[in-house]
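These protein sequences, in sequence, are chains V and S.
Here the working numbering is used: the first residue of the first sequence is 219, the next is one more, and so on.
Here the working numbering is used: the first residue of the second sequence is 219, the next is one more, and so on.
Presented below is the structure to which this report refers.
There are 2 protein chains.
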Amino acid sequence: MIAKPDAAPKYRRYSSAERSAMLIDAGLACLARGGILGFTTENICREAGVSRGLITHHFKSKDGLLAAIYSTMYERSLAVFNADPGSGPGIAEIVEAEFSPAVFNRETTTIWLALWGEVATNPALGREHHRHYLAYRAGVAGALKRTAEKRGCEIDADTLAVMVISLIDGLWLENCIAPDLMSAESAKMACYRMLDPFLGPLP
Amino acid sequence: MIAKPDAAPKYRRYSSAERSAMLIDAGLACLARGGILGFTTENICREAGVSRGLITHHFKSKDGLLAAIYSTMYERSLAVFNADPGSGPGIAEIVEAEFSPAVFNRETTTIWLALWGEVATNPALGREHHRHYLAYRAGVAGALKRTAEKRGCEIDADTLAVMVISLIDGLWLENCIAPDLMSAESAKMACYRMLDPFLGPLP
DNA sequence: CCCTTTGTTGAATGATCGTTCAGTAGCATG
DNA sequence: CATGCTACTGAACGATCATTCAACAAAGGG
């Protein structure tokens, strides 16, 4: 048997950015399937169809990949703040976005749960969280301010933002671990009802 | 050197119930310190001061211990429902209990986060969760009903219970991963404000 | 004081973990 | 076609994982 000189390549080379994105996607799939315990080099690399050495090559370590994954999740959640071409979204648009099918589904919330469980005890991930969380809270507070001004209401936007974020995260959590007791519609209503006393009837 | 015939015992024997409780406490300490990744036989047995074989002996496996730990956490959260000698607590008493120092602290909420992250992907733990969650929701719904009747309000207690539980869990979550932005007082206020439109001013 | 019960030990096992690194090979460039 | 860069492979490493099990020993009853 003579080896063909132009046989199919053993693998394809990608740019660092492309391969990094592929590894992040593979990591997300592993988190969704098996939580943080399923987030192993073996699982991730099999999911991505690459060999075990690649995680270290593109990210410094498995923890580096996890940090990148955390950033990716936050960026996707923050997308709604940059989508608006005008002065920025109101709080109703944010609530609608956070409970849209792209965000409010079992896979995505399972990933969030796995990450949150790690944030509390992994210092590096804790710093990553703090960095993004401040931006997230500022975005929600800004949306609350815009809606309040439009309606002539006076509110403590920062405090209210923490409450809204807590409720959103709690609804994600319940939808993930007890999905039969929750719907996107009732979740949105819960948010609006909580905000009514401060901003008037929503949406 | 002659061995003393009545030297100090190498270890002490405990009843199965006592030793189980000790292993549960050790497991809780490990979860609080290192999340689900810190929940290893090595860590737990070192924390409890016993050898590695004991977890298998008293619980069928490490997963069995984790299920027992989940039950323990829920029982402690449900304690307030059984403490009241009368017809049961109102919703205000539950809110006060869930944000009391014994419950609303970083250690306890870190343990909850670690467990929630596992519930989503561990089927055995998922069943354990479902069993307790229904009792928990029923308890909260009962408290809401009692308060509503006393005030002559009409509410959908089950739906409202899910909202309240979501908000409580969300506030626990935020307090755990961003403790500098939250206090027990503001957390309680968030719950009361959400309930005001349904039940009138609380507490 | 012996004997039975059973809670407990700790070495051993095989699997899997994250990371390393010397070598391979895809692919753009000259 | 030859060269250089670097993405990539995959075997190997030592550490750690959960679990097993034969031997041990504490404590209570006879």
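Backbone N, C-alpha and C fix where the C-beta goes; we use that ideal spot for every residue, glycine too.
Is the beta carbon of L255 (chain S) closer than 9 Å to that of T274 (chain V)? With respect to L255 (chain S), T274 (chain V) sits apart: the two C-beta atoms are not nearer than 9 Å.
Just curious, the alpha helix (DSSP H) that P415 (chain S) is in, first and last residue? It spans 402 to 417 - the alpha helix (DSSP H) in which P415 (chain S) sits, taken as one unbroken run.
Member of S:A286, S:G388, S:K363 whose CA lies at the smallest distance from the CA of T377 (chain S): Out of S:A286, S:G388, S:K363, S:K363 has the C-alpha closest to the C-alpha of T377 (chain S).
I want to see whether chain S comes within less than 9 Å of M291 (chain V), judged by CB atoms only; does it? For M291 (chain V), the answer is no, since every Cβ of chain S falls outside 9 Å of its Cβ.
If we define contact as Cβ-Cβ less than 9 Å, is I332 (chain V) a contact residue for chain S? For clarity, residue 332 (chain V) is Ala in the given sequence; the question names Ile instead. Closer than 9 Å: yes.
Is the beta carbon of G253 (chain S) sitting closer than 9 Å to the one on L296 (chain S)? In this structure, G253 (chain S) sits away from L296 (chain S), with a CB-CB distance that is not shorter than 9 Å.
Sub-9 Å separation of A366 (chain S) and A375 (chain S) beta-carbons: Cβ atoms of A366 (chain S) and A375 (chain S): closer than 9 Å.
For the alpha helix (DSSP H) containing I422 (chain S), name the first residue and the last one. What the structure shows of chain S is the stretch from 219 to 421, and residue 422 (chain S) is not part of that stretch, so it cannot be assessed.
Report yes if the C-beta distance between D302 (chain V) and L391 (chain S) is below 9 Å; otherwise report no. Contact: no.
Buried/exposed call for K228 (chain V), threshold 16 Cβ in 10 Å: Burial state of K228 (chain V) is exposed, judged by a 10 Å Cβ sphere holding fewer than 16 other Cβ atoms.
Option nearest T327 (chain V) by Cα separation, candidates V:G271, V:R264, V:K278, V:Y288: For T327 (chain V), the nearest C-alpha among the options comes from V:Y288.
D398 (chain V) by DSSP, collapsed to three states: which one? Three-state DSSP puts D398 (chain V) in a helix.
Using C-beta distances below 7 Å, list every residue in its chain close to H276 (chain V), excluding the 5 sequence neighbours before and after it, in chain order. Around H276 (chain V): S234, R237, S238, L241.
Got a sec? Which residues, its chain only, sit under 8 Å from D243 (chain S) by beta carbon, not counting five neighbours each side? Short of 8 Å from the beta carbon of D243 (chain S), and not among the five residues preceding or following it, lie these beta carbons of its own chain, in chain order: A266.
Contact under 9 Å by Cβ, A285 (chain S) with L343 (chain S): Contact: yes.
With a threshold of 8 Å, are at least 3 pairs of Cβ atoms found where one atom belongs to the region 306 to 324 of chain V and the other to the region 258 to 265 of chain V? In short, these stretches do not touch, since the Cβ pair count stays below three.
I'd like to check one pair, Y410 (chain S) with L399 (chain S): are the Cβ atoms closer than 9 Å? For the pair L399 (chain S) and Y410 (chain S), the CB atoms are not nearer than the 9 Å cut-off.
Please confirm whether G282 (chain S) has its beta-carbon closer than 9 Å to some beta-carbon of chain V. It does not; no Cβ of chain V falls within 9 Å.
For F299 (chain S), which residues in the same chain have their Cβ closer than 7 Å to its Cβ, ignoring the five residues on either side in sequence? Leaving aside the five residues that flank F299 (chain S) on each side, the residues in its chain whose CB is nearer than 7 Å to its CB run, in chain order, G306, P307, G357.
Limits of the unbroken alpha helix (DSSP H) element including L352 (chain S): Unbroken alpha helix (DSSP H) run through L352 (chain S): 341 to 369.
Under DSSP, the alpha helix (DSSP H) around T328 (chain S) begins and ends at which residues? For T328 (chain S), the enclosing alpha helix (DSSP H) stretches over residues 324 to 337.
Note down, in chain order, every chain V residue with its Cβ under 7 Å from the Cβ of L246 (chain S). Ordered by position in chain V, no residue passes the 7 Å Cβ test against L246 (chain S), which lies about 14 Å from the chain.
Under 9 Å between C-beta atoms, does A338 (chain V) make it to chain S? Taking Cβ atoms only, chain S reaches closer than 9 Å to A338 (chain V), which makes this a yes.
Does any residue of chain S have a CB that is nearer than 9 Å to the CB of E392 (chain V)? It does: the Cβ of E392 (chain V) has a partner Cβ on chain S nearer than 9 Å.
State the Cα-Cα distance for the pair F257 (chain V) and A405 (chain V), rounded to the nearest angstrom. So the two alpha carbons sit approximately 29 Å from each other.
For A301 (chain V), does the three-state DSSP call read helix, strand or coil? Here A301 (chain V) sits in helix by DSSP.
Can you confirm whether I273 (chain S), when its beta carbon is compared against all beta carbons of chain V, has any partner nearer than 9 Å? No, no contact with chain V.
Measure the alpha-carbon distance for L389 (chain S) versus S384 (chain V) and round it to whole angstroms. Taking the straight line from one Cα to the other gives about 5 Å.
Measure the Cβ-Cβ separation of G304 (chain S) and C371 (chain S) and say whether it is below 9 Å. In terms of Cβ geometry, G304 (chain S) and C371 (chain S) do not form a close pair [threshold 9 Å].
Hey, does F416 (chain V) have any beta-carbon neighbour from chain S nearer than 9 Å? With its beta carbon less than 9 Å from one in chain S, F416 (chain V) belongs to the interface.
Nearest to L413 (chain S) (by Cα), restricted to the options S:A396, S:I395, S:I373, S:S401: Nearest Cα to L413 (chain S) within the set S:A396, S:I395, S:I373, S:S401: S:I373.
How about E336 (chain S) and G335 (chain V): are their beta carbons less than 9 Å apart? Between E336 (chain S) and G335 (chain V), the CB-CB gap stays under 9 Å.
Contacts that L385 (chain S) makes with chain V (C-beta to C-beta distance below 7 Å): Near L385 (chain S) (Cβ distances below 7 Å), the residues of chain V are S384, L385, G388.
Using 8 Å for Cβ pairs, my map puts T259 (chain V) next to K280 (chain V). What's the rounded Cβ distance? K280 (chain V) and T259 (chain V) do touch by the CB rule: their CB atoms are close to 6 Å apart, below 8 Å.
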